[in-house]
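Notes to accompany the following structure.
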Amino acid sequence: MRVTQLSVATLTKPGTTVDCSQPNKAEFDGKISGTGKGDVPSFWTLASSSDPIESGRAHFDPGTESVSLLKVVDLQPTVNGAPQSGFVTLHVPSANLTARSDQVTLTCAKP
């Protein structure tokens, strides 16, 4: 299995208005493209941390060109009206590739 490309799209619309005193979810779509067949191990990290928040495998059958991986993360509550924000990075160590999402920032609803 040869990985040819890695990308991450931010699905949560930046500026979405939320209650920032509560945890909120942000959604991302990772895409691993490649040729061949087999499993591609991967893992996700949140923000600038290098600690994996989830590991997995993308399975490629003959003729499969890409596999999408949905990642939903919890953005932690903030205080004083500070917006919630974050980004994720998808890692494929076997291909020495990483792809980072755009930063998503959610707007706090006025109390």
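Residues in the sequence shown are numbered from 2 upward in steps of one, following my numbering.
We treat Cβ as the ideally placed atom computed from N, Cα and C, and that holds for glycine.
{"Query": "How about Thr-106 and Gly-16: are their beta carbons less than 9 angstroms apart?", "Result": "yes"}
{"Query": "Terminal residues of the continuous beta strand (DSSP E) containing Phe-88?", "Result": "First-last for Phe-88: undefined, no H or E at that position."}
{"Query": "Who are the Cβ neighbours of Phe-44 in its own chain at under 6 angstroms, not counting the five residues just before and after it?", "Result": "Pro-53, Ser-56, His-92"}
{"Query": "Given a cut-off of 9 angstroms, decide if Pro-24 and Asp-62 are closer than it, judged by their beta-carbon atoms.", "Result": "no"}
{"Query": "Quick one, are the C-beta atoms of Gly-31 and Arg-3 less than 9 angstroms apart?", "Result": "no"}
{"Query": "Excluding sequence positions up to five away, which residues of its chain have a Cβ less than 7 angstroms from the Cβ of Leu-12?", "Result": "Glu-28, Phe-29, Asp-30"}
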